[in-house]
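Asker:
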Amino acid sequence: MAARRAQAAQRQGDKVALRGRIVGMRESGLSTCDIAEEVGVHRTTVYRWLKRWDEEGNLRDHSKPGRARKTTAEEDRRIREYFETHPFSNAIAAREHLQLDLSAETIRKRMKEMGFRHRTPAIKP
Numbered sequence: 003m004a005a006r007r008a009q010a011a012q013r014q015g016d017k018v019a020l021r022g023r024i025v026g027m028r029e030s031g032l033s034t035c036d037i038a039e040e041v042g043v044h045r046t047t048v049y050r051w052l053k054r055w056d057e058e059g060n061l062r063d064h065s066k067p068g069r070a071r072k073t074t075a076e077e078d079r080r081i082r083e084y085f086e087t088h089p090f091s092n093a094i095a096a097r098e099h100l101q102l103d104l105s106a107e108t109i110r111k112r113m114k115e116m117g118f119r120h121r122t123p124a125i126k127p
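If you're matching positions, the sequence shown starts at 3 in the numbering used here and goes up one per residue.
#1: Would you give the residue range spanned by the alpha helix (DSSP H) that residue 75 belongs to?
#2: Near residue 27, what residues of its chain come up, given a Cβ to Cβ distance below 6 Å and the 5 sequence neighbours on each side ignored?
#3: Can you tell me whether residue 85 is buried or exposed? The criterion is at least 16 other CB atoms within 10 Å of its CB, across all chains shown.
#4: Measure the beta-carbon distance from residue 70 to residue 81 and round it to whole angstroms, keeping in mind my assumption that it falls under 8 Å.
#5: To the nearest angstrom, how far is it from the Cα of residue 105 to the Cα of residue 124?
#6: Between residue 20 and residue 62, what straight-line distance do the alpha-carbon atoms span, to the nearest angstrom?
#7: What number of angstroms, rounded off, separates the C-alpha of residue 18 from the C-alpha of residue 102?
The following block contains the structure:
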């Protein structure tokens, strides 16, 4: 999960750098069409980012709407470590072992995000 957040932060940084490049190219005197062709985006995208820069002086994405995440990065890390060491465990056992104030469904969602699946050990004669 932390890796995914790090990747998202990197993408955000890359986006802001590209947008800054667009502003710099305009200040260098390039036309909007030339900028769009150079950076590989549509000219309306260039217009939108130049307008945002002129009006707000900001090139970051606006905050996204939606419910806040129920788990913290620390809780996510603990959940990951638990399932790495207890691959045949389940969400209810994890909640009890980790003493988390979360629903089993929330833990299942985190398991899925992290690539874990509930596994049942094979019964061998």
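Cβ coordinates follow ideal geometry from the N, Cα and C atoms, glycine included.
Answerer: Let me spell this out:
#1: 75-87
#2: 37
#3: buried
#4: About 18 Å separates the beta carbons of residue 70 and residue 81, which is beyond the 8 Å limit, so they are not a contact pair.
#5: 27 Å
#6: Within the model, the alpha-carbon separation for residue 20 versus residue 62 is close to 11 Å.
#7: 37 Å
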